[in-house]
Structure formats: C-alpha cells, structure tokens
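Going by numbering that gives the first Met the number 0, the first residue of the sequence shown is number 0, and it counts up by one from there. Here the structure is laid out as structure tokens; the discussion comes afterwards.
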Amino acid sequence: MQGTVGFFHDRDKYGFIEVEDEDDDIFFHITNVEAEDQTRKEGRER
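Have a look at this one:
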C-alpha cells in the first residue's frame, strides 16, 4: 500500500496516511514504519 502522509505529529511520532480510493486515512506510529530511511522529507501539495 502506498500513500501520502497527510499529518505527522513530531513529538508523539504518529500520523495519518492519505490513500487514493480510500475514504478514511490510515493511522500509523513511526515504530510501525519499515523503511531504511525514516528521514522526514517535505512533500509537495496536491
């Protein structure tokens, strides 16, 4: 599944992912992210 992080709380390390064709955003905590690079990158507005 892929999406765009619509919100991320820096202090508490959680956020919500916006996924196309889904009505609800998906909650996540940074400890659930499996990625080699967990550096936050600014995205572009859509």
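Built from N, CA and C at the ideal position, the CB exists for glycine as well. Just so we're clear, the structure is a prediction, and the values are computed from it rather than from any experiment.
For residue i, the residue or residues it bridges with in DSSP
{"i": "E17", "result": "T3"}
{"i": "I29", "result": "DSSP lists no partner for I29."}
Beta-carbon gap between residue i and residue j smaller than 8 Å
{"i": "I29", "j": "K12", "result": "yes"}
{"i": "E17", "j": "G5", "result": "yes"}
Three-state secondary structure (DSSP) of residue i
{"i": "R45", "result": "In this predicted model, R45 has a pLDDT of only 45, less than 50, meaning its place in the structure is not dependable; the value taken from the coordinates is given anyway. Here R45 sits in coil by DSSP."}
Residues near residue i by beta carbon distance below 6 Å, same chain, minus five either side
{"i": "T3", "result": "E17"}
{"i": "F7", "result": "G14"}
Proximity winner among the options, relative to residue i (alpha-carbon distances)
{"i": "D9", "options": "D22, D23 and F27", "result": "F27"}
Spatial neighbours of residue i in its chain, beta-carbon cut-off 7 Å, leaving aside the 5 residues before and after
{"i": "E21", "result": "none"}
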